[in-house]
């Protein structure tokens, strides 16, 4: 496709976890509403969690037979993954040939590699969206191959500023619902105490470390009147014990946001963007095992955008007493003085619309490196 040509068919590629897949699904939903003449298809890897996320949105993507990168592993597993990659490139090539998209927009995850290589070989107009504040390996490879990069934050470390354009992260619109309705959707008895409700977000794959931190927090006398909701992939049915409730992982987390006064979360780009959009006071505990420590980069970008409504706590060497103080600070500043509903300024719909439109403008209006994304 020549730059500037009309877009009629678009392939959206995303794999791995919800952090890559949900922005792709969100953008696809926006396209179906706002650009009904554009035909959308999806491409993913073959991990079970990928199928689960797509099917939760009634989407059946073209799944190529790869499960992860061969980098960083040795022996037979590495050889198998290299073989999977080669086959994946061929599979992606057949899918792109049959669908013949005018543009291919990749959202990361290892599934983007076969699409990236096949797309460049076939001369397909391609864009890669990097959700994180630090360019991943696939993004750096795409940039070297001349693919244009749309970034989720103002800064995308690892790339020269001229190599990317900030458009924001496409996030889900979280519609407001009455709290009674939200508690019912969560399957948890409504909390009627005086303390704040704090939701703990562990990411698509869960986090034993976050769960352990939460247990320690619930044992703090200073937080005895607080109520915690743990979004836990290991939980099969909702249940409560003391001042903590375990909720099964869900891909529509509107009810969780609606009952929450504050958040404790890992440093995933999509979750942080949602928290900022909804003005939720948030303590970010970045997972320090993330590739190139990108969650810490995301956390500091969120801090720069939201000011002191976001606080970062490093679990490596951080004292629990410090975390308690940070939570109390957010509560005192944003909840106690103004009442629980003061922070529920739901503008996630506006942010979702803006970021999707900016990405569409970048993809569709690119002219010789100059594009209006507003």
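Residue numbers (this note's numbering): 1 to 374.
For glycine and all other residues, C-beta sits at the position ideal for the given N, C-alpha and C.
With 16 or more other Cβ atoms from the protein chains shown falling within 10 Å of its own Cβ, residue 45 counts as buried. The beta-bridge partner set that DSSP reports for residue 104 consists of 11, 126. Residue 99 and residue 43 have their C-alpha atoms some 11 Å from each other. Under the three-state reduction of DSSP output, residue 23 falls in the helix class. Between the alpha carbons of residue 351 and residue 307 lies a distance of about 17 Å.
In this structure, the straight-line span from the alpha carbon of residue 197 to that of residue 269 is close to 23 Å. Inter-segment contact for the region 72-82 and the region 20-34 is absent: fewer than three beta-carbon pairs are separated by less than 8 Å. In the DSSP assignment, residue 329 falls within the unbroken alpha helix (DSSP H) covering 320-330. Within the region 40-94, no run of beta strand (DSSP E) at least 3 residues long lies entirely inside it. Residue pairing from DSSP places residue 244 in a beta bridge opposite 228, 241. For residue 257, the enclosing alpha helix (DSSP H) stretches over residues 254-259. With contact defined as three or more Cβ pairs closer than 8 Å, the region 155-164 and the region 128-137 are in contact.
If only complete runs of 3 or more residues are kept, the region 157-229 shows the beta strand (DSSP E) at 164-166, 197-201, in order along the chain. For a cut-off of 8 Å, the C-beta gap from residue 282 to residue 262 is around 7 Å, short enough to register as a contact. Sequence-distant partners of residue 119 (beyond 5 residues in either direction) whose C-beta falls short of 6 Å from its own C-beta, in its chain, are 104, 126. The residues 177, 182, in chain order, have a CB closer than 6 Å to that of residue 258 in the same chain once the five nearest residues on each side in sequence are set aside. Under the criterion of beta carbons closer than 8 Å, residue 73 and residue 88 do not qualify as touching, at roughly 16 Å.
C-alpha of residue 303 to C-alpha of residue 21: approximately 24 Å in a straight line. With fewer than 16 other beta carbons inside 10 angstroms of its own, residue 162 counts as exposed. Counting every other CB atom within 10 Å of its CB across the protein chains shown gives residue 7 a total of 16 or more, marking it as buried.
Under the three-state reduction of DSSP, residue 148 is assigned to strand.
Taking the CA atoms as reference points, residue 207 sits about 23 Å from residue 107.
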